[in-house]
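Novice: Residue numbers (this note's numbering), protein chains in the order written: chain A, 1 to 263; chain B, 1001 to 1286. Got a structure for you, written out below as structure tokens; questions coming shortly.
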């Protein structure tokens, strides 16, 4: 029962990309997403791809983890490409019965496919080189100004942190309970849909029970350490902007703006 | 029944692969209580899951009465009924409305008749000391120790030939601990075997027939408790707490007293020290 979930796929390292402040990486990732939607040419995408390649190499991210991050979206990717190729009006390249492939269609299909891949890569590079906790920290920090309009920024990020923190735990627990029930003859793999749903009961009940127990324990643990929300709370690891961060932002953001302007 | 692990290796694949077992050779058979010792991360749990086919060996093979698991000669569901695996903190696997149904889950998936199921549930629950008045109660109302015993009964009801237990006494008070261990001693017969995992040597030593020490996915020591405990230093090296008496005996030996090395219970030690002081105990080499 291997759970191959890309969430929480952080691989620790000590590269320039790893060491950047999570806020820098978050800002750049968001900027990249925006730019990817503004740019509509292959040349523009080439420059973005080159930038991502540099970051990938610097963060010593293996080709395997890149492929693994794209894999779950293969279906959507193919669907987008194929639909666009088939249903875009324009100059006909090739025709077979009602299937009509146009020049514009191929162009659009490939462009959108590339856009999707680059979108995934932009976020993957961030999640591969930044721990989930650092990302929520960055999020809380960047959303900070919203506190003025009584938006529960701290609570939100605390919830996010806890959720992220417990995903691996729950997966592990699922695996364990599944095995324990299989040792008692439970069968999770065969039968029709209804039967399978029924067979999940021995897994889901203990899982819920333990999730509630954990929530309870966590609440008590937090209260006994005097947790009372974000007001006046200090952190162990303050986020700090270094020279590298200013430099990166100062270089990357204008370059991205230039890519948008030129292409 | 005999299960043989032959050159079994297992690695967990993930972003960072973890080698859990490395060329393990081990025989487990009925009629024997085998103690498996190793500290966290030594590969104990991975090894256990090979015994009942929850994990298939990546390298090497597992032979059940000579038949290969890898080549599919063994029916895995049947193997799971013959080798009852009690996981650590088994009380977290409880899910049914009543204790009776909980214990009946295993026998039911074996496809036994109603009568047979009833009979087995009654027997296994009485074996672990749960009386009939509990049958219709929810397993979630019980105390921790009782839950553990119900979970144990739920495996026993399948009447396995080999019972594999992962830290069955973890988190129990001394009374609950003794109850479980006493039960296991009673349960074991010539055609039943037990594999017991623990990191507590002192608890296990008195009643294991054989002890296997795992360290970083390898078998470091394999022998009778006597043989294993005479290797005090090796045990300490791999981070295993040695019974206090063994430490005492060993330091006495190193000071030249004529005492047997493989002593691990207080009673044995008392006798041996007494003998050494009285009779054959001239200090050697001094």
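We put the beta carbon where it would ideally sit given N, CA and C, even for glycine.
Which residues in chain B have a C-beta closer than 7 Å to the C-beta of residue 180/A? List them in chain order.
Specialist: In the first chain, the residue the question calls residue 180/A occupies position 180. Taking a Cβ-Cβ threshold of 7 Å, the residues of chain B close to residue 180/A are 1087, 1090, 1093, in chain order.
Novice: How would you call residue 2/A, buried or exposed, if buried means at least 16 neighbouring beta carbons within 10 angstroms?
Specialist: Here residue 2/A corresponds to residue number 2 of the first chain, with the count starting at 1. Interpretation of residue 2/A is limited by its pLDDT of 41, a score under 50 that renders its predicted location unreliable; no figure is taken from the coordinates.
Novice: What span of residues does the beta strand (DSSP E) with residue 1137/B cover, start to end?
Specialist: Looking up residue 1137/B in the second chain gives position 137. Here residue 1137/B belongs to no beta strand (DSSP E), and DSSP marks it neither H nor E.
Novice: Please report the distance separating the alpha-carbon of residue 4/A from that of residue 74/A.
Specialist: Sequence index remark: in the first chain, residue 4/A carries index 4 (1-based). Sequence index remark: in the first chain, residue 74/A carries index 74 (1-based). Caution is warranted here: a pLDDT of 44 is assigned to residue 4/A, below 50, making its placement in the model unreliable, and no coordinate value can be reported.
Novice: With contact counted as at least three CB pairs below 8 Å, one residue from each stretch, are the stretch 1158-1176 of chain B and the stretch 1081-1090 of chain B in contact?
Specialist: yes
Novice: Among the candidates 1061/B, 1243/B, 1257/B, whose CA atom is the shortest distance from the CA of residue 1266/B?
Specialist: Position 266 of the second chain holds residue 1266/B. The shortest C-alpha separation from residue 1266/B is found at 1243/B.
Novice: What does residue 177/A touch in chain B if you count any residue whose Cβ is under 8 Å from its own?
Specialist: The count along the first chain starts at 1 and reaches residue 177/A at position 177. By Cβ distance, chain B contributes 1092, 1093.
Novice: So, with DSSP's three-state summary, where would you put residue 266/A?
Specialist: One cannot answer for residue 266/A here, as it falls past the ends of chain A, which runs 1 to 263.
Novice: Anything in chain A within Cβ reach of residue 1106/B, meaning under 8 Å, just list it in chain order.
Specialist: Taking the second chain and counting its residues from 1, one reaches residue 1106/B at position 106. Neighbours of residue 1106/B on chain A, chain order: 184, 185.
Novice: For a cutoff of 7 Å on Cβ pairs, would you count residue 1109/B as touching chain A?
Specialist: To locate residue 1109/B, count along the second chain from 1; it is residue 109. It does: the Cβ of residue 1109/B has a partner Cβ on chain A nearer than 7 Å.
Novice: Got a sec: which bits of the stretch 205-217 of chain A sit with their beta carbon under 8 Å from any beta carbon on chain B, in order along the chain?
Specialist: Using a CB distance below 8 Å, the part of the stretch 205-217 of chain A facing chain B consists of 205, 206, 209, 210, ordered along the chain.
Novice: Taking the CB atoms as reference points, tell me whether residue 1246/B and residue 1274/B lie closer together than 7 Å.
Specialist: On the second chain, residue 1246/B is found 246 positions in, with the first residue counted as 1. On the second chain, residue 1274/B is found 274 positions in, with the first residue counted as 1. Taking 7 Å as the Cβ cut-off, residue 1246/B and residue 1274/B do not qualify as a contacting pair.
Novice: Just to confirm the assignment, what range does the alpha helix (DSSP H) spanning residue 1128/B have?
Specialist: Numbered from its first residue, the second chain carries residue 1128/B at position 128. Segment: none, residue 1128/B is in no alpha helix (DSSP H) and carries neither H nor E.
Novice: Which of helix, strand or coil does DSSP assign to residue 91/A?
Specialist: Along the first chain, one-based indexing puts residue 91/A at 91. Reduced to three states, the DSSP call for residue 91/A is coil.
Novice: Using CA atoms only, rank isn't needed, just tell me which of 1021/B, 1043/B, 1092/B is closest to residue 205/A.
Specialist: On the first chain, position 205 is the one that residue 205/A refers to. Cα-wise, what sits closest to residue 205/A is 1092/B.
Novice: In the stretch 68-143 of chain A, which residue ranges form an unbroken alpha helix (DSSP H) of at least 4 residues, counting only runs that do not cross its ends?
Specialist: 74-87, 103-129, 132-143
Novice: Name the DSSP bridge partner or partners of residue 1006/B?
Specialist: Here residue 1006/B corresponds to residue number 6 of the second chain, with the count starting at 1. Residue 1006/B is bridged to 1061/B.
Novice: In chain order, what residues of the same chain have a beta carbon less than 7 Å from the beta carbon of residue 1201/B, not counting five sequence neighbours either side?
Specialist: Counting from one through the second chain, the residue named residue 1201/B turns up at place 201. 1037, 1240, 1241, 1242, 1243, listed in sequence order.
Novice: Can you check whether the C-beta of residue 1177/B is within less than 7 Å of a C-beta belonging to chain A?
Specialist: As a working mapping, residue 1177/B is identified with position 177 in the second chain. Not closer than 7 Å to any Cβ of chain A, the Cβ of residue 1177/B fails to qualify, so no.
Novice: Excluding the 5 residues preceding and the 5 following residue 1097/B in the sequence, name in chain order all residues of the same chain whose CB lies nearer than 7 Å to its CB.
Specialist: Taking the second chain and counting its residues from 1, the one referred to as residue 1097/B is at position 97. These residues qualify, in order along the chain: 1138.
Novice: Can you find a CB in chain B that lies within less than 7 Å of the CB of residue 202/A?
Specialist: For the purposes of this step, residue 202/A is taken as residue 202 along the first chain, with counting starting at 1. With 7 Å as the cut-off, residue 202/A counts as an interface residue toward chain B.
Novice: Return yes when the Cβ of residue 202/A is within less than 7 Å of the Cβ of residue 181/A, no when it is not.
Specialist: Looking up residue 181/A in the first chain gives position 181. Looking up residue 202/A in the first chain gives position 202. Going by C-beta atoms, residue 181/A is nearer than 7 Å to residue 202/A.
Novice: Taking the straight line between their C-alpha atoms, what separation do you get for residue 58/A and residue 1019/B?
Specialist: Numbered from its first residue, the first chain carries residue 58/A at position 58. Numbered from its first residue, the second chain carries residue 1019/B at position 19. Approximately 27 Å between the Cα atoms of the pair.
Novice: Rounded C-beta distance between residue 244/A and residue 19/A? I'm assuming under 8 Å.
Specialist: Your numbering for residue 244/A matches position 244 in the first chain. Your numbering for residue 19/A matches position 19 in the first chain. About 7 Å separates the two Cβ atoms, so the contact holds.
Novice: Within the chosen definition, does the stretch 85-92 of chain A reach the stretch 147-157 of chain A through at least 3 CB pairs nearer than 8 Å?
Specialist: no
Novice: In terms of alpha-carbon separation, which member of 1225/B, 1040/B, 1110/B lies closest to residue 1078/B?
Specialist: The count along the second chain starts at 1 and reaches residue 1078/B at position 78. It is 1110/B whose Cα lies nearest to the Cα of residue 1078/B.
Novice: Cβ of residue 1054/B less than 7 Å from any chain A Cβ?
Specialist: Along the second chain, read from residue 1 onward, the residue named residue 1054/B stands at position 54. Chain A, which has a Cβ nearer than 7 Å to the Cβ of residue 1054/B, makes this yes.
Novice: Would you please verify whether the beta carbon of residue 1120/B is less than 7 Å from any beta carbon of chain A?
Specialist: The residue given as residue 1120/B occupies position 120 in the second chain. No, no contact with chain A.
Novice: What in chain C is Cβ-close to residue 1049/B, meaning under 8 Å?
Specialist: Note that chain C does not occur in the displayed structure, where the protein chains are A and B.
Novice: Considering only residues of the same chain and omitting the five flanking positions on each side of residue 137/A, which have a CB-CB separation below 7 Å?
Specialist: Stepping through the first chain from its first residue, residue 137/A is reached at position 137. Counting only Cβ-Cβ distances below 7 Å, and skipping sequence neighbours, we find 22, 239.
Novice: Let's test the definition: count the other Cβ atoms within 10 Å of the Cβ of residue 192/A and tell me whether it reaches 16, buried, or not, exposed.
Specialist: As a position in the first chain, residue 192/A is number 192, starting the count at 1. It counts as exposed.
Novice: Taking the CB atoms as reference points, tell me whether residue 1184/B and residue 1035/B lie closer together than 7 Å.
Specialist: By 1-based counting over the second chain, the position of residue 1184/B is 184. By 1-based counting over the second chain, the position of residue 1035/B is 35. No, the pair does not count as a contact, with Cβ atoms beyond the cut-off.
Novice: Quick one: complete beta strand (DSSP E) runs, 3+ long, within the stretch 1042-1117 of chain B?
Specialist: The beta strand (DSSP E) runs lying completely inside the stretch 1042-1117 of chain B and spanning 3 residues or more are 1059-1064, 1083-1086, given in chain order.
Novice: When the cut-off is 7 Å and only beta carbons count, does residue 1080/B lie next to chain A?
Specialist: Numbered from 1 along the second chain, position 80 holds the residue referred to as residue 1080/B. Answer yes: the Cβ-Cβ gap between residue 1080/B and chain A drops below 7 Å somewhere.
Novice: Check whether the stretch 1251-1267 of chain B touches the stretch 1207-1227 of chain B, counting contact only when three or more Cβ pairs, one atom from each stretch, lie closer than 8 Å.
Specialist: yes
Novice: Could you work out which residue in 1145/B, 1140/B, 1150/B, 1107/B is closest to residue 1132/B when comparing CA atoms only?
Specialist: Position 132 of the second chain holds residue 1132/B. Answer by Cα proximity: 1150/B.
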